[in-house]
Each structure stands twice: as C-alpha cells, then as structure tokens.
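Trainee: Pasting in a structure now, in structure tokens, and then I'll have a few things to ask.
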Amino acid sequence: MNSIRFHDTQFTVIPHHGQPWLTATQIAQALGYASEKSISNLYRRNADEFSPCMTGVTELMTPGNPMPIPVRIFSLRGAHLIAMFSRTALAKEFRRWVLDVLDRETAAHPQPLTVLTDDELHSLAWLWRAADYMMGAARRIYPLLEVAEHREAGTYYSIIHEYPMTLAAAQRILADKTRHVQPTTHGNRDWNRLIPHLHRLPTAKSW
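For the sequence shown, numbering that gives the first Met the number 0 assigns the number 0 to the initial residue and increments by one for each residue that follows.
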C-alpha cells in the first residue's frame with residue numbers, strides 16, 4: 000500500500016513498524032481543515048487518549064525543505080481516534096473510511112497468534128506480583144516521605160498515581176490467560192501463591 004485516496008486527498012502512506020501511517024497534514028486536509036494546526040490542537044487536548052502505537056513523530060522529506068523535518072504521523076487507529084474528536088462535516092465519513100481501510104489491511108496482513116507457555120505465564124505472573132507488592136510498599140512509604148519533605152517524595156507520588164491502572168490491566172490479562180491453571184494439576188506449587196492474588200478484584204485507582 001503506497002497511497003490511498005479519500006475524496007480529494009491523496010494520502011502518501013508512511014511505512015512505520017510494518018504498518019501504514021498517515022501524516023497529520025494530510026489528515027487535516029481530508030477532514031476539511033485549513034491547516035495542520037487543527038490536528039495538532041486536537042491531539043494536544045486529547046494526548047492522554049493516544050498510545051505510542053497510534054501516533055508518533057518521525058523525520059520526513061517535505062516539499063520546500065532540503066533536510067528532513069519532524070512530522071507527526073498517525074496509524075490508522077490513531078487517525079480514526081483523532082477523527083473522533085473532530086466536528087467537521089467530513090469527520091463521520093472519514094471515520095468509516097479509515098475503518099474500511101483498516102479492515103482491508105488487517106485481512107491482507109493477519110497478525111500471528113502469540114501463545115505463551117505455562118512457564119512463561121508463571122514468570123510473567125510473578126513479575127506482576129512483585130510489582131504489585133512494591134506498589135503496596137510505595138503506598139505505605141509515601142506518607143512518611145511527604146511528612147519528612149524527602150526529596151524522593153515526588154517520585155513515590157508519581158508511582159502510586161501513575162502505575163495502578165497499568166498493574167490492573169496486566170492483572171486482568173494474566174488472570175484471563177491463566178484460567179486453565181489449577182494448582183492441583185500443575186506441578187509448580189508456586190501457583191498456589193499466585194492464583195489468589197491474580198483473581199482478586201483489581202485496584203485500578205490510585206491510593
């Protein structure tokens with residue numbers, strides 16, 4: 000896929016991590032904006048909604064510039080999300096178009112299925128459990144650091160407020176992938192110590 004068209008906008012596809020990505024400039028044109036700044040503003044206001052696999056900055060050669068310049072690009076999923084925040088007359092149609100392109104791309108390049116062994120799941124589950132235990136310790140330590148006005152108080156504040164949702168997501172994934180594990184049938188007795196923690200209700204909120 001070298002180029003795709005949406006109405007009068009001819010997208011030059013940017014190969015990135017083996018997937019087709021689109022430039023912010025061309026997305027702005029497709030949505031009916033006069034300038035790329037409109038896309039930049041939409042992104043800045045909603046940056047927390049985008050993951051690294053949805054948008055990034057790369058250096059590209061552009062007309063009128065003798066050297067590559069930083070350009071924001073979006074994956075197809077990222078382009079769909081940016082259009083969700085758009086209120087132009089073309090936004091709804093553009094979202095449908097992007098999903099159609101994404102469906103065709105997915106059908107043409109199916110992702111290989113990744114299967115983890117029980118030993119690998121066991122190691123990942125213990126990694127999560129260690130992080131979960133350290134999160135509990137950080138929650139207990141932070142109030143003491145705050146009272147003492149310790150220089151590391153800010154670091155611990157960030158830990159207990161920024162990481163719980165990530166830990167909760169990892170817990171849900173591991174709980175789902177280990178539902179077949181029964182301590183009575185799996186030889187590694189460590190599962191007895193892991194399963195109760197994995198299947199408790201995750202705490203997604205900060206302390």
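Glycine is no exception: its CB is placed at the ideal position from the N, C-alpha and C atoms.
If I'm right that Ala78 touches Ala90 with Cβ under 8 angstroms, what's the distance once you round it to whole angstroms?
Mentor: Going by Cβ atoms, the distance from Ala78 to Ala90 rounds to 11 angstroms, so no, they are not a contact pair.
Trainee: Verify the contact flag: Pro19, CB atom, against every heavy atom of the ligand GDP, threshold strictly below 6 angstroms.
Mentor: This structure does not include the ligand GDP; it has no bound ligands of any sort.
Trainee: Measure the C-alpha to C-alpha separation of Trp206 and Thr11 and round it to an integer number of angstroms.
Mentor: Reliability of the predicted coordinates at Trp206 is poor, the pLDDT of 43 falling under 50, and the value obtained from them is presented with this limitation in mind. Rounded to whole angstroms, Trp206 to Thr11 spans 46 angstroms at the Cα level.
Trainee: Near Asn1, which residues of its chain fall below 8 angstroms by C-beta distance, leaving aside the five closest residues on each side in sequence?
Mentor: Excluding sequence neighbours, Asn1 sits near Thr11 and Val12.
Trainee: How many angstroms separate the CA atom of Ile158 from the CA atom of Ile3?
Mentor: Going from the Cα of Ile158 to the Cα of Ile3 covers about 43 angstroms.
Trainee: Helix or strand or just coil, what does DSSP make of Ser37?
Mentor: Note: Ser37 maps to helix in three-state DSSP.
Trainee: For His79, name the three-state secondary structure that DSSP assigns.
Mentor: Looking at His79 - three-state DSSP - the assignment turns out to be helix.
Trainee: Grab the span of the beta strand (DSSP E) containing Phe73 for me, first residue to last.
Mentor: Ile68 to Ser74 is the span of the beta strand (DSSP E), which, as asked, contains Phe73.
Trainee: What's the gap between the Cα of Leu152 and the Cα of Arg139?
Mentor: Before going further, note that residue 152 is Ala rather than Leu in the sequence given. Going by the C-alpha atoms only, they are around 12 angstroms apart.
Trainee: Here's the rule I'm using: 16 or more other beta-carbon atoms within 10 Å means buried, otherwise exposed. How should Lys204 be labelled?
Mentor: Low local confidence applies: a pLDDT of 49 at Lys204 is under 50, so the model's placement there is unreliable, with the coordinate-based value given in what follows. Exposed: under 16 other Cβ atoms inside 10 Å.
Trainee: Write down the C-beta distance between Ala23 and Ser34 rounded to the nearest angstrom, noting that I regard them as a contact closer than 8 angstroms.
Mentor: About 10 angstroms separates the two Cβ atoms, so there is no contact after all.
Trainee: Express the C-alpha separation of Val146 and Met53 in angstroms, rounding to a whole number.
Mentor: Cα-Cα distance, rounded: 40 angstroms.
Trainee: Nearest-angstrom Cα distance between Ala88 and Leu75?
Mentor: In a straight line, the C-alpha of Ala88 is about 20 angstroms away from that of Leu75.
Trainee: If I follow the unbroken beta strand (DSSP E) through Val146, where does it start and stop?
Mentor: Run containing Val146: none in the beta strand (DSSP E); it sits in the alpha helix (DSSP H), Asp117 to Val146.
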